[in-house]
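Chains as they are written, first to last, in this note's numbering: chain A, 344 to 585; chain B, 344 to 585; chain C, 344 to 585; chain D, 344 to 585; chain E, 344 to 585; chain F, 344 to 585. Cβ atoms here follow ideal geometry from the backbone N, Cα and C, with glycine treated the same way. All remarks here apply to the structure that follows.
Number of protein chains: 6
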Amino acid sequence: MAEHKRPTIQVISAHSGDFVWRAGGALALYAERGCDARITCLSYGERGESQGLWKQAGMTLETAKSKRRAEAEAAAEALGAHITFLDLGDYPLRVDDAGLDRIVAEIRDAQPEILLTHVASDPYNRDHNAAHEATLLARQVSQAAGHDRSTPPIGAPQVIQFEPHQPEQCGFVPNLLLDITPVFDRKRKAMECMSAQSHLVEYYTDLGLRRGVQAVRNGGGESITQAEAYQRVFPVVGKVLL
Amino acid sequence: MAEHKRPTIQVISAHSGDFVWRAGGALALYAERGCDARITCLSYGERGESQGLWKQAGMTLETAKSKRRAEAEAAAEALGAHITFLDLGDYPLRVDDAGLDRIVAEIRDAQPEILLTHVASDPYNRDHNAAHEATLLARQVSQAAGHDRSTPPIGAPQVIQFEPHQPEQCGFVPNLLLDITPVFDRKRKAMECMSAQSHLVEYYTDLGLRRGVQAVRNGGGESITQAEAYQRVFPVVGKVLL
Amino acid sequence: MAEHKRPTIQVISAHSGDFVWRAGGALALYAERGCDARITCLSYGERGESQGLWKQAGMTLETAKSKRRAEAEAAAEALGAHITFLDLGDYPLRVDDAGLDRIVAEIRDAQPEILLTHVASDPYNRDHNAAHEATLLARQVSQAAGHDRSTPPIGAPQVIQFEPHQPEQCGFVPNLLLDITPVFDRKRKAMECMSAQSHLVEYYTDLGLRRGVQAVRNGGGESITQAEAYQRVFPVVGKVLL
Amino acid sequence: MAEHKRPTIQVISAHSGDFVWRAGGALALYAERGCDARITCLSYGERGESQGLWKQAGMTLETAKSKRRAEAEAAAEALGAHITFLDLGDYPLRVDDAGLDRIVAEIRDAQPEILLTHVASDPYNRDHNAAHEATLLARQVSQAAGHDRSTPPIGAPQVIQFEPHQPEQCGFVPNLLLDITPVFDRKRKAMECMSAQSHLVEYYTDLGLRRGVQAVRNGGGESITQAEAYQRVFPVVGKVLL
Amino acid sequence: MAEHKRPTIQVISAHSGDFVWRAGGALALYAERGCDARITCLSYGERGESQGLWKQAGMTLETAKSKRRAEAEAAAEALGAHITFLDLGDYPLRVDDAGLDRIVAEIRDAQPEILLTHVASDPYNRDHNAAHEATLLARQVSQAAGHDRSTPPIGAPQVIQFEPHQPEQCGFVPNLLLDITPVFDRKRKAMECMSAQSHLVEYYTDLGLRRGVQAVRNGGGESITQAEAYQRVFPVVGKVLL
Amino acid sequence: MAEHKRPTIQVISAHSGDFVWRAGGALALYAERGCDARITCLSYGERGESQGLWKQAGMTLETAKSKRRAEAEAAAEALGAHITFLDLGDYPLRVDDAGLDRIVAEIRDAQPEILLTHVASDPYNRDHNAAHEATLLARQVSQAAGHDRSTPPIGAPQVIQFEPHQPEQCGFVPNLLLDITPVFDRKRKAMECMSAQSHLVEYYTDLGLRRGVQAVRNGGGESITQAEAYQRVFPVVGKVLL
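So this is what it looks like as structure tokens:
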């Protein structure tokens, strides 16, 4: 990672909850190591990922957004991460040129070594696809010397897909099992901030245990109890084979 | 890697030349770091990979084997690696139960953290497939508590495929570009030992340059000039995302 | 299927003829069983799927649309299905936010258990891709509690792809062969309504026979003579394995 | 299913434990409905799947087999299924012509409508591949009029792959989520018979819950709490789309 | 193609009927052009592809083989091709080292520019897989300078897969549609020689029509009425793009 | 190819340099044979593919475009090809309805037998995807009888993908190796026109050599020293198998 600044990890999240369940461990891990951990939420998930809220009488889009924002901010804080909201709308999430420019600005400001985002093709949720595509496209534009001469281009950050809800249906094949055992208490706290989706806390705790068992089976140390699964988009460049 | 012994990297090579062109850099790199670098040649490539030799008058299988062996030993020495020959025959390479047991014995003796071998499906050369299959099968048998109680089972070493001659036709998609710049002189020396295939020296030097350019493009440092491409079979387990 | 209302099957068709050739049997079968069979045509196929019409002197877009509409209505009637036209244009078919909202309204009105549509990627006809994507996206938006509070969200209908003209080039792998033998006379009548494409009647009759032979080969009863091939997008949930 | 005899479901299992964790629910479900539920174990998993046993002093292959057999018989009984052992050996499992003939004899005797077996390619365990291949090959030979004229050929039973331990690494994409809620107590009892692998009981109970949640998400009724995931090899032939 | 001898096309056929239905047009086309068209039948299909014969009283393996042989010879003659039978057995077809050596001898004798064979993976019929694998392996061994010094090695013939019965289930994606219109009468005559499978004559006539329609749709001339679909294994090397 | 006019090959290039490195040989080859070789540049690559230019003081978009245009015109002239610029913008390249109509007009004017363009999915550069999609969509619209009645529809030209920078990461599997040995001097001259990217000249010369070696290995004549790799999208229709 670059030496002249704190290493940076940046999550591009379609909705304001995704980063907690899918990449909360990675964010906490890097934050704890002194890295700059950032989250860019493209939408609040106000229309489609707030089913609980809409059961309340008198709910409005603005209230839904505001409640989702408060939860996400609390979760980000629990993880030690910084969060930004672009409010591009959900169900559907559409990233036009103006939206893209804002994502590019976020990425150029972060100068990340690592971008985390959704899978390329989720049949259940096309907003995830839109976030994936926007991440690759914004990464490319961020590299262009001729784009917005007032901010500096970036290098070639790795892009890593986090685990979708139904991995096999999305073509997700993990090539990295990240040991998040040391920071799982922080992830748990962050998950507990998402009051509208509290039934998911046990679900994702169990998933982490399962990925932890697989990590041990794939040669990780016996001490691993919680892991997150990831799929890197680009080849890793390195000096070691493992 | 395990701490009680020198870390070990082991190549399972279908023919006696494959390890030089495809994994010579990795072997040299690990040898230079004090690791145990081992090569297990399943055959000498005596029938199908010694086209030059067979143009010589009076060539016999035994002479072909012996010349191939001498070259491979010289190349292994140049890389700092230890080499063994199982002489299972080539074109076709067939691994029966006895052959499998010998590969298992080699693996249990090595107790490797990393196994390097061929791709799963090469339409040009089914011996490569046979070596791939034998590696996965021998790894599994090596783990079995009930197999050969006189030697200890292994853990769960990563298996990594090295680059075939025509990568796209073999479904090879690199997920690791290994920087071999610091040891390229050793790889070059090893390649030059393969007198029967001397035309390949420039070819694989050029390929290394091309993979080096890609390594830089994928975020590696500008100092990389030579790289080898690899595809890991199992997910990596780790504490970092890069 | 839901018990409080007639089960519903809904086809999302890029052009006004697609539903006849590709899903006519399914529509007739469900209609005959008393289900609500609906067709939503995103365009008339007026520019690109009416080659015969454009050979007539003085043809205009409006006349082409009107003729295509009349044929499609006759075909739908022959199948016992209800048909709607959204007139979003063809070659290219583009579904913007307003178009998407109209498709969502159609789906919420239908509350279907099954959505039938095109494959994800047809290299010959990108309108088919657009219809596939619109179907998945509209399904997702239709589920969102926060979208259009005046109409009720839907559940999780299965999405099933019908057979494209050149299946292998489109990545189409049938996982369902539907026996349409009992209603083939209706499908034939519907096909005969498509006067502009009358050469296709024999072609699709033959295709049905071929799929019927395959149905028998895959364990269906000997009485099957006509079948349609389908590929489900989502896993089936059930109490039986067959 | 055929009407002249009890419908039959047959599992072809590489090792004597696989059927419990991966298809125990399906077996119990079909047994409870009065079907003939059969298990054909190709090996006992005596060498490679009995790690606990080999920690006991004086363990021998024969003792390991005998203990594994007793456990598997108890588990089969708990599920209401009949079990046979072919004792072809494990790690590696190799099916030669004689072994194949015995599998064919089992299949012809069972005349199954459904065959359940392993995935085609499991990088961790090639015995699973061998069982998959043997199932497809034995099915084909069982259909041949000219094979063993003393037993009757079979029809065209569906072949269904059950879930491997690390599904994404095996290319497993479920296209069927089977509701096993009504028989989960039987599956749990069967799992508890596998004393050598007792740590897996909770693991597979949790996996069943996760597949149950997915079943509900894919349109199954809210009452589903336990499911098993399956991938059918052949197209389903039917009269319905769901 | 080589200039010093007649260009040669060689079919490696698992059973004695496959070449007629799947590659009869290609054989007739090349024969008519003065090429050497050869068929190597690995088995007679005596056990599994002679269902009609086994309904006759007193049928034996030898009689089945002899009838199948007679039919295949008549069909080959109708196509203008030369045929050889290796009698390696079917259901299952197993190619051991001796069998492989015989296939190699056939290939070295033919010195073909083109090898036609089955797909790599047919879930319905593993003999097809065995023939595919044997073809690739025998091609490789035929190239080896050190194999059987009494016969000359071959060059690098293209390998082309012909169409299986259920193409989508076998991963078959045609990249070549061969116009067989001028020789279809010969193919029809050859098909009519296969009296035990006479129901297939209409089926494959219809399939040829369908592939012919696709050929026209893919830019072929309007005069094409019959085509065969093929998938090349290796890249074509040429001086033109079409 | 059509006989009433000169055969035409048309490249649809995302940026103004792509056609040189990736299809320069094909263009020169066809031009030399008297064909009409055309290039349609969707953008100049002014923002993202002119990194060198943007290091110059006072660079502006207009200057960058103008310099890129001059280079591309010189390269096209060296190849004997005609070039057009649509100036749709880069990083990101977006093709709206107006842009699509202009591409359609170019294609209808050219009436090409062959369209060359980028791969479908390049994770490094989404402009390449946009160009691929625009090519397929414009081809389809160009075929529509009802589109722009003042220009004639086209037939069914083949679409061929040229080689991306990192082929394995883009799913590129060559099925054609084009011998460009006779025109390599022209390609080299064209490459040397691209002064802003002069470091690429050696890189692509080396790549051509590597593809040339592969062409020989795949059965091409020994005289091939330079080749370009291509992947056809549609099946070839022909009278020969090679």
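Unbroken beta strand (DSSP E) run spanning residue i, endpoints
i	result
A/Q586	What the structure shows of chain A is the stretch from 344 to 585, and residue 586 of chain A is not part of that stretch, so it cannot be assessed.
E/L520	519-522
D/I457	457-460
C/H426	Strictly speaking, residue 426 of chain C in this sequence is Ile, with His absent from that position. 425-428 is the span of the beta strand (DSSP E), which, as asked, contains C/I426.
C/G388	No beta strand (DSSP E) holds C/G388; DSSP gives it neither H nor E.
Exposure label - residue i; buried when at least 16 CB within 10 Å
i	result
F/G423	buried
C/D439	exposed
F/A408	Looking at the sequence provided, one finds Lys at residue 408 of chain F rather than Ala. Under this definition F/K408 is a buried residue.
F/G360	buried
B/T524	buried
B/T383	buried
B/D470	buried
F/R575	buried
F/S485	buried
CB contact below 7 Å: residue i versus chain B
i	result
E/A487	yes
Chain A within 7 Å of residue i, Cβ atoms only
i	result
B/V580	yes
D/P435	no
C/H471	no
Cβ of residue i within 7 Å of any chain F Cβ
i	result
C/P507	no
A/Q353	no
B/Q394	no
E/I551	The question names Ile, yet the displayed sequence has Gly at residue 551 of chain E. Not an interface residue.
A/A345	Note that A/A345 has pLDDT 40, beneath the 50 cutoff, so the model's placement of it is unreliable and the number below is only indicative. Answer no: the Cβ-Cβ gap between A/A345 and chain F never drops below 7 Å.
Min CB distance residue i to chain D below 7 Å
i	result
A/E511	yes
E/E405	no
C/K348	no
B/L480	yes
A/Q557	yes
C/D522	yes
Run of the alpha helix (DSSP H) containing residue i, from where it starts to where it stops
i	result
F/R381	No alpha helix (DSSP H) contains F/R381, which is instead part of the beta strand (DSSP E) from 379-384.
B/H471	469-486
F/T406	404-422
D/V576	Here D/V576 belongs to no alpha helix (DSSP H), and DSSP marks it neither H nor E.
Close-in-space but distant-in-sequence residues of the same chain around residue i (CB under 8 Å, 5 per side omitted)
i	result
E/L543	W364, M534, M537
D/E416	I426
E/E346	Any answer about E/E346 is weak, because its pLDDT of 47 lies below 50 and its placement is not dependable; what the coordinates show is given next. Closer than 8 Å at Cβ, skipping near neighbours: no residue.
Contact set for residue i: own chain, Cβ-Cβ below 6 Å, skip 5 residues either direction
i	result
B/R381	Q353, H425, A453
D/P362	With the sequence shown as reference, residue 362 of chain D is identified as Phe, and Pro is not the correct amino acid for it. V354, S356, I382, listed in sequence order.
D/G551	Q569
Minimum Cβ-Cβ distance from residue i to chain C less than 7 Å
i	result
A/L514	According to the sequence displayed, residue 514 of chain A carries Gly and not Leu. False, the Cβ-Cβ gap to chain C never drops below 7 Å.
A/P455	no
7 Å Cβ shell around residue i - same chain, five flanking residues per side excluded
i	result
B/G391	D433, Y434
F/R554	L520, A570, E571, A572
is_contact[residue i, chain E] using C-beta, thresh 7 Å
i	result
C/P517	yes
Scan the region 356-376 of chain C for residues whose Cβ lies nearer than 7 Å to a Cβ of chain D and list them as they occur along the chain. A369
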